[in-house]
Amino acid sequence: MSRASMSWRKKLIATALLCLLIPSAISMGLTGIYTNNMLMNNASTKSEQSLEVAELYVSNIINNMIHAFNSIQYDSEMISNLRLAWNSYKSKENKTDFFANKLVTEKLNELMYFSGKCYVTIFLPNGLYFSNYSVYPNDLSYMYQEPWLLSMSKQPTNMTSWIGVLDNNVPADADRYPHLITIAHSFKLYANAPNAIIVLSKPEAEFHEIFDKYASDQTMMLLDHKGTIQSQTDERLIGTTVPFSNSSDHENRVVWNDKEYISVNKPLSFAGLSMLSLTPYQVVTGSYGKFFNEIVIFQILSLILFSIVMYFILRYYIRPIIKLAKTAKSVEMGNLNIRSKVTGNDEIGYLGLSFDRMLDRIEEMIHEIQMEQARKRKAELELLQAQVNPHFLFNTLNSIRLQVIMKGEKEIGGVIGSLSTLLRMTINRNNEFLTLHEEIDIAQQYVKLMKFRHEEDVQLITNLASDTLLASIPRLTLQPLIENAYIHGLMQKQGKITISSWKKDHLLYISVQDNGVGIEQEKLASLTHMLSETSMRGENASTSMNGIGLKNVNERLSMIYGDEFTIHLISSKDMGLKITLSFPLSKYEEMKDDV
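Following our numbering, the numbering of the sequence shown begins with 1 at its first residue and continues without gaps.
Next up, the structure:
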């Protein structure tokens, strides 16, 4: 026994739930992806806008620092004072000249007056340096040994370099401005002299004050070409390295200090610097996550409610189908008296009504079959009771024929022989098909009987192709046509009846023609129409000897050959009638195979 399968009702409910769940899941997924991308794009756009504004301020500070370099290098008075101080320093064996140094310091303060908080140091060759700030009690001579200063002294002149973040060594400002953003520029006092270096520093606070102006959920920082933080609101991070690339100009999702951020990078045009904005991913998606959870809960509750409602609705609509299924199962077990009694104006109601009507019709057909079988049994019994052995009749006729011949009545004996042959072919129903020459023999016997009966000279002329003599045709095909020609064509008078046969392609053609009175065209058309309708309706013809005629032949051959059988009538008044039959040669073989 096969295992029980899921019922149709459960399949329908499961399908409906799947049709709801799958689109809902896809919709939620696509909504989540789209919303997440939209939030990330909005956060990135906001960060880019903030970076663009901050970049203007940062670039302005750097440009002012570069402008300060130019103010010092290209001020003729400043250069003259520097040369004077340096020459005096060299002539006094590396001892400073107070007057010369004072001129340089005063001019330096004058040039830097409008540059804001700015620390400027000029390092001349041989250890002479100047600044616009007090370094007491420190000595800046150690700066000459800094790697970056040694490197710049050997580089080509007029080079500006990013030094980065340095500690503030000015005692008065160290607590307030602990970190300085520093750049340096090289120049020459004389063409062949060693490089002099201008070092200019700005408090790092001026940079991160720019970053403080933006939302607290956004972190900005200034990075050098190595990714080292140069300025950031959290001073503890200054000097540390950001591990992800700062070369791209688009948003990325990055992980930093065990937190996920949306990063947006904007390169600057100076020294490989860039500005980086970090927005916590949780901040961007936090409100979305809450919103998404609310949607999920709402959809789950809606799904549960819909499932309950759908269950009762489907149960209501499926109940008639289940009732029909139970009725069909009872019918399968043999109970034909049961009815579904399903009604309604919809398809299910129509199905139930049709099913009940079908059962009514089946019961009627069973009753009719039972009655038919009873009638058949009764007819078979009557036939058995009334049946006379055909051989007894034929033997009796032959005995009579011999007695008549022995008495010299050969003509009557021949007529009795023809009658015996015709009766034998009429009573014997074993052979449905005969060869054409056997059918011609029957026709000749029939003509002999007609001559004897009516004492009229009827000539039967045969014009048969030799390759058609063994062709099989339905039994008693020609006799009804000859009878029709004799009675209706020759008007039971003398005349000629011609039978012709030929083959063409796979068809056998047989024509029966008389030279009788013929048929008018209107009657011929009516007869042709009657034969066509009779062929399509398939009406049964009488099987009595006198009732067999043209209609009978048409019906029999139409039932046997179908559309492949044709009958063609040609006639005119006083010109006789020609009937031409055509049907396939192979039909007899097919029917023998079926038997």
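Just so you know, even glycine gets a beta-carbon here, dropped at the ideal spot from N, CA and C.
Bear in mind that the values here come from a model prediction, so they are computed numbers and not experimental data.
Three or more C-beta pairs closer than 8 Å, one from the region 298-316 and one from the region 66-86: is that the case here? no
Touching or not, the region 42-59 and the region 254-267, by the rule of three or more beta carbon pairs under 8 Å? yes
Going by DSSP in three states, Gly547 sits in which element: helix, strand or coil? Note on Gly547: pLDDT 35, under 50, position unreliable in the model; no value is reported.
CB Ala196 to CB Phe123, shorter than 9 Å? yes
Going by beta-carbon coordinates alone, are Leu180 and Val165 separated by less than 9 Å? In contact: Leu180 and Val165 (Cβ atoms closer than 9 Å).
Counting only runs that start and end within the region 304-389, where is the alpha helix (DSSP H) found for 4 or more residues in a row? 347-386
So, for His568: in the same chain, excluding its five sequence neighbours on each side, which residues have a beta-carbon less than 6 Å away from its beta-carbon? Thr580
Rank Leu222, Ala485, His529 by C-alpha distance to the C-alpha of Gly518 and give the top, closest one. Ala485
My understanding is that Ile183 touches Ser151, with C-beta atoms under 8 Å, so please give their C-beta distance in whole angstroms. Contact flag wrong, Cβ pair sits at about 14 Å.
Looking only at its chain, what residues have a beta carbon closer than 6 Å to the beta carbon of Asn463, apart from the 5 residues adjacent to it on each side? Spatial neighbours of Asn463 in its own chain (CB-CB distance under 6 Å, excluding positions within 5 residues in sequence) are listed in chain order as Ser500.
Expressed to the nearest angstrom, what Euclidean distance is found between the alpha-carbon atoms of Lys10 and Ile308? 14 Å
Can you tell me the Cα-Cα spacing of Ile198 and Leu278, whole angstroms? 34 Å
What did DSSP end up calling Pro156 once you bin it into helix, strand or coil? coil
Residues sharing a beta bridge with Asn265, DSSP: Leu276
Report the three-state DSSP secondary structure of Ser582 (helix, strand or coil). strand
Along the chain, which unbroken stretches of the beta strand (DSSP E) at least 3 residues long are found entirely within the region 76-161? 119-123, 129-131
Based on the DSSP output, what are the partners of Glu260 in its beta bridges? Val255
What alpha helix (DSSP H) runs, 4 residues minimum, are completely inside the region 411-487? 436-454, 478-484
Residues bridged to Ile198 (per DSSP): DSSP lists Ile122, His185 as partners of Ile198.
Using only the alpha-carbon positions, how far apart do Val447 and Glu555 sit? 24 Å
If you count every other CB in all the chains shown that lies within 10 Å of the CB of Gly576, and 16 or more means buried, which is it? Counting Cβ neighbours within 10 Å, Gly576 comes out buried, since at least 16 surround it.
Does Arg357 pass the burial test, meaning 16 or more other C-beta atoms within 10 Å, or should it be called exposed? It is exposed - the Cβ of Arg357 has fewer than 16 other Cβ atoms within 10 Å.
The alpha helix (DSSP H) spanning His208 covers which residue range? Element bounds for His208: 204-211.
Just checking, does the region 227-239 make contact with the region 17-31 on the three C-beta pairs under 8 Å criterion? Short answer: they don't touch.
Under 9 Å between C-beta atoms of Val53 and Phe207: No, they are not a contact pair.
Give me, in chain order, the residues of the same chain whose beta-carbon lies closer than 6 Å to that of Pro23; leave out the 5 immediate sequence neighbours on both sides. none
Going by CA-CA distance only, name the one from Ala205, Leu189, Pro137, Met371 that's closest to Lys117. Ala205
Contacting residues, own chain, Cβ-Cβ under 7 Å from Leu237 (five flanking each side not counted): Excluding its 5 nearest sequence neighbours in each direction, Leu237 has C-beta neighbours in its own chain below 7 Å: Ile229, listed in chain order.
Using only the alpha-carbon positions, how far apart do Lys341 and Met310 sit? If you take the alpha carbons of Lys341 and Met310, they lie about 25 Å apart.
DSSP-derived helix/strand/coil call for Met220: strand
Which residues in the same chain have their Cβ closer than 6 Å to the Cβ of Lys119, if we skip the five residues on either side of it in sequence? What sits at residue 119 in the sequence shown is Tyr, not Lys. Tyr133, Ser201, listed in sequence order.
Rounded C-alpha distance that separates Ser131 from Thr105: Taking the Cα positions, Ser131 is about 7 Å away from Thr105.
One or two residues paired with His179 in a DSSP bridge: In DSSP, His179 forms a bridge with Asp167.
Exposed or buried, Leu223, counting other C-beta atoms within 10 Å across all chains shown (16 or more means buried)? buried
Just to check my reading of the structure: Leu359 and Leu336 have Cβ atoms closer than 8 Å, yes? What is that Cβ distance to the nearest angstrom? 6 Å
Three-state secondary structure (DSSP) of Lys226: Three-state result, Lys226: coil.
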